[in-house]
Amino acid sequence: MGIRQEIAMLGHSQKTASAHCITFMDLILYLKQHMILSPEMEAQVQAAFKTEELPKGSRLLSPDNFSQKVFYVEKGATRTYYVKDGKDITHSFILEGSFFISIESAFFNSPSPYGAEVLEQSIIRTIPYQDLEKFIDDFQPLQKLSRLVMINAVKTFSDKLYSIQFQSAQERYNSMLEKFPDIMLRAPLGHIASYLGITQETLSRIRAGKV
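Under the UniProt record's numbering, the very last position in the sequence shown is 211; numbers go up by exactly one each time.
Given below as structure tokens:
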């Protein structure tokens, strides 16, 4: 399967999860949507990824971090954010069934400007990126796992860039609800407004149909 097909499948699986408001996406179940796993590989994946249960408000990463970890959200909601002119701005929401990684740190050994925090009680699976690469070298059929991690990261940045360059505030709001149907119930309005690049007052007007 080529990269384009994998991106399409990734987008479809995430939209399906969002449309049905799935609040738990087991790592193995997620991987089985994209590849064939033998019982041995399932056991190896479970052993390789650590499990962390984190309460609301937990900080996964601080801005300017050098994290080498790959994160997978099995349950719950997180957000990535950055600080500009003293303001906390949400970059993206990472819900169940999604990977994320500090690209700048893992691949370029540079500090990542993005922090990450837990928005609600969550179950996060983690593995150091170097361990993931070694793990995949030992189990060649799992090469697609590394690609899924990268596709998740690239798509997050691509979607964000597109929304900033080409969409109006109303269109960004509509796209957000399509991607994260229940986000209004899971994230504070301030985080949602900063994600959309608007004020809370503008967000209120959009929700009231006054924009």
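Heads up, the beta-carbon is just placed ideally off N, CA and C, and yes, glycines get one too. The structure displayed is predicted, hence computed values, not measured ones.
Closest residue to histidine 91 among Ser58, Glu117 and Ile36 (Cα-Cα distance): The sequence position of residue 91 within the sequence shown is 91, counting from 1. Looking at Ser58, Glu117 and Ile36, the one whose alpha-carbon comes closest to that of histidine 91 is Glu117.
Residues bridged to glycine 209 [DSSP beta-bridge criterion]: What you label residue 209 is simply residue 209 of the sequence shown in a count that begins at 1. None; glycine 209 has no bridge partner.
Glutamate 171 - DSSP class collapsed to helix/strand/coil: For the purposes of this step, residue 171 is taken as residue 171 along the sequence shown, with counting starting at 1. The answer is helix: DSSP assigns glutamate 171 an H, G or I state.
Of the listed residues Val149, Glu133 and Asp88, nearest to tyrosine 30 (C-alpha basis): Taking the sequence shown and counting its residues from 1, one reaches residue 30 at position 30. That would be Val149, whose Cα lies nearest to the Cα of tyrosine 30.
Distance between serine 194 and leucine 61 (C-alpha atoms, nearest Å): Indexing the sequence shown from 1 puts residue 61 at position 61. Indexing the sequence shown from 1 puts residue 194 at position 194. C-alpha separation (whole angstroms): 19 angstroms.
Beta bridge counterpart(s) of alanine 77 as assigned by DSSP: Residue mapping note: residue 77 aligns to position 77 of the sequence shown, counting from 1. DSSP output for alanine 77 lists Leu95 as bridge partner(s).
Short Cβ contact (8 angstroms threshold) for tyrosine 114 with tyrosine 81: Here residue 114 refers to the residue found at position 114 of the sequence shown. Here residue 81 refers to the residue found at position 81 of the sequence shown. Yes, the pair counts as a contact, with Cβ atoms nearer than the cut-off.
Distance cut-off 7 angstroms: glutamine 68 Cβ against heavy atoms of the ligand ZN: No copy of the ligand ZN appears in this structure; indeed no ligand is present at all.
Supposed contact pair lysine 69 and isoleucine 127 - C-beta distance, whole angstroms, cut 8 angstroms: The sequence position of residue 127 within the sequence shown is 127, counting from 1. The sequence position of residue 69 within the sequence shown is 69, counting from 1. Confirmed, Cβ separation roughly 7 angstroms.
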